[in-house]
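Protein chains in written order, with this note's numbering: chain R, 1242 to 1577; chain Z, 1242 to 1577.
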């Protein structure tokens, strides 16, 4: 039931959770989380978590609490990301840092991380807490690498994939993995060896490839979607001198005009690159009409296909079909 | 041996750990941690952790790795604190945020937290991971409360104690608690019931009261010590409009001149309160020569005494004597 109408059911579970548990502890932090929740989002991570549990053990009852933790960890990373990116808007709403300030946001993110870990270490056996703590350390490592790569137009595809693997794919992979592990823990001997179970590995590989495709698509949308569709100004990545696959693909094409405009943008003072800046507008327009767009779409399709292939090692079921359907949605570029 | 020359031995263990483990993963983060370690500090938290293990089970071998985790968690909170406080100096050195920027510091702190949690959930049985995750959530909650209390000259003693209990005493209490729990886990059945063991409760109470005394003393030193002794400008708390016990005690004394100067300082524009500002200097001088100093020292002595009383429930040993000796050092105000 949770699966058949996943979006609203998952959101209401997470919301109930925040209302009942988190707001007992600190109303301001709960309020910040609440406003991020009500701003929407697709709840892809808890959905993949729930579907992976069912894909691993068909009869497993849904564990909406574990799924909620996945969304809350995601929200905590977003709160810190917005401090790191100095973002003003998130999902079309004012970001936590722009409402409450960076200081509060750092602490609210820390609080949410530690609160979720308190609950997880209390209620879930290993390897679940270890998977999630390792995941968080990988995410931070990816974010540090991304920060260090700011403005580096020599960033290679491999370096880009390493960054997005850590900062994005790792969370999707872990959502799938802990879903499968939690389900298997109910029917078999718990322990760290569950990470090596073929179904767990397959679902983790699904999540990993899904996450890569998801982030590449997200980086493309930042370029080709409208401000309204994105809920924040288009071209944010370029404005922040974040080098993503469309830019790497454009530079690989050895189009001299494109190369000159990109270097001019990245070397221009921040003012010129600000929203509506002429240099920025020119670069966005050039990129949008270049072959980099179709090349980036091909990369999305490639990882979506890899995700589907990973599912081949899992017995067919309705949950597996739903996981597969999610990969097809990655190749659509109409933002709802 | 680790106990008899605790300072250098503990530091070298933590340093070795950072060199061997952390720098494998991200050299820049390891570098930031390294510079905080080499700036010194008294390693009180790992010492209390090691001594509590020996106080609980005399024959227990020291676990320098667990003790290192305690210091690394402390360092991670300091890295985030400096972002929250916008601090430029820490232990007489440039703070992480002033060297690498707030963005890097947020991520470096997150990385360190999650890395330590990954290790702890891998290698230590419950209730240790849960104690440490709960602790972290309490620390963040205390920091949020402190941030919200900024500039609030009506802050009560009870509210102040609640804040420092969460932001400082909780960490000392947990260092003592997990030390004792880890030692008992070697000689008795592991499980969450160990938190209720009378020796664990006594050592936790020791750590809690030690932590309160430690923070009150720290807040007093910020007022009465010199810049050189502190490794940062004296009066930082007043400059940041942080209301601490000396200020609360001064306001309780109903000295009208003092009240007027404090309100003038807190209402003055930030410039006037900046280092060397006349209003700030006047307030510091007034507070230093007021009865608030001796009253605050009495509060330190009270909690140091409570810490010693908690030790009464633990069988006498050399470790217990060392824990007791640490509480006496709290009543000394010569910063080495």
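In this text, a Cβ means the ideal position worked out from N, Cα and C, and glycines have one as well.
Model, not experiment: these values are computed from the prediction.
With fewer than 16 other Cβ atoms inside 10 Å of its own Cβ, residue 1523 of chain R counts as exposed.
Pairing residue 1423 of chain Z with residue 1304 of chain Z gives a Cβ-Cβ distance under 8 Å. By the neighbour-count criterion, in which 16 or more other beta carbons inside 10 Å mark a residue as buried, residue 1452 of chain R falls on the buried side.
Annotation for residue 1312 of chain Z: the continuous alpha helix (DSSP H) segment containing it runs 1305-1326.
In chain order, 1371 make up the part of chain R whose C-beta sits under 7 Å from the C-beta of residue 1363 of chain Z. CA-CA distance, residue 1377 of chain R to residue 1415 of chain R, rounds to 10 Å.
Rounded to whole angstroms, residue 1457 of chain Z and residue 1541 of chain Z show a C-alpha spacing of 6 Å.
In this chain, the alpha helix (DSSP H) harbouring residue 1370 of chain R covers 1369-1389. In the structure shown, residue 1569 of chain Z falls within a helical segment according to DSSP collapsed to helix, strand and coil. Residue range 1477-1480 is occupied by the alpha helix (DSSP H) that includes residue 1477 of chain Z. Per DSSP, residue 1472 of chain R lies in no alpha helix (DSSP H) segment and is marked neither H nor E. Assigned with DSSP and collapsed to three states, residue 1438 of chain Z falls in coil, not helix or strand. Ranked by how close their Cα comes to the Cα of residue 1382 of chain Z, the residues Z:1469, Z:1314, Z:1406, Z:1545 have Z:1406 in first place.
Annotation: the continuous alpha helix (DSSP H) that includes residue 1350 of chain Z extends over 1343-1364. Of all residues in the region 1262-1273 of chain R, those with a C-beta nearer than 8 Å to a C-beta of chain Z are 1266, 1267, 1269, 1270, reading in chain order. Taking all protein chains shown into account, residue 1323 of chain Z has 16 or more neighbouring C-beta atoms within 10 Å of its C-beta and is therefore buried. Contact annotation, residue 1421 of chain Z with residue 1273 of chain Z: C-beta distance approximately 31 Å; criterion of less than 8 Å not satisfied. The beta carbon of residue 1410 of chain R sits no closer than 8 Å to any beta carbon of chain Z. In its chain, beyond the 5 residues on either side, 1460, 1463, 1485 have a beta carbon closer than 7 Å to the beta carbon of residue 1478 of chain R.
The beta-carbon separation of residue 1369 of chain Z and residue 1361 of chain Z, rounded to 6 Å, stays under the 8 Å limit for a contact. Judged by their CB atoms, residue 1271 of chain R and residue 1263 of chain R are nearer to each other than the 8 Å cut-off. Between the alpha carbons of residue 1394 of chain R and residue 1492 of chain R lies a distance of about 8 Å. Bounds of the alpha helix (DSSP H) holding residue 1403 of chain R are 1398-1405.
Neighbours of residue 1381 of chain R across chain Z, judged by C-beta separation under 7 Å: 1348, 1351, 1352, 1355. Between residue 1342 of chain R and residue 1321 of chain R a beta carbon distance of about 14 Å is seen, past the 8 Å cut, so the two are scored as non-contacting. Contact between the region 1428-1435 of chain R and the region 1533-1548 of chain R is absent: fewer than three C-beta pairs spanning the two stretches fall below 8 Å. Contact between residue 1286 of chain R and residue 1412 of chain R is confirmed by a C-beta separation of about 6 Å, below the 8 Å threshold. Following the DSSP letters along the chain, one finds residue 1285 of chain R inside the alpha helix (DSSP H) bounded by residues 1285-1297. For the options Z:1374, Z:1313, Z:1386, the alpha carbon positioned closest to that of residue 1353 of chain Z is the one of Z:1313. When CB distances to chain Z are screened at a threshold of 8 Å, the residues of the region 1388-1419 of chain R falling below it are 1388, 1389, in chain order. Taking the C-beta atoms as reference points, residue 1560 of chain Z is found nearer than 8 Å to residue 1292 of chain Z. In this structure, the CA atom of residue 1255 of chain R is about 45 Å from the CA atom of residue 1503 of chain Z.
For residue 1384 of chain R, the C-beta contacts it makes with chain Z under 7 Å involve 1348, in order along the chain. Just so you know, the alpha carbons of residue 1283 of chain Z and residue 1257 of chain Z end up roughly 17 Å apart. Per DSSP, residue 1556 of chain R is not a residue of any alpha helix (DSSP H), being assigned neither H nor E. Taking a beta-carbon distance threshold of 8 Å, residue 1359 of chain Z counts as an interface residue toward chain R.
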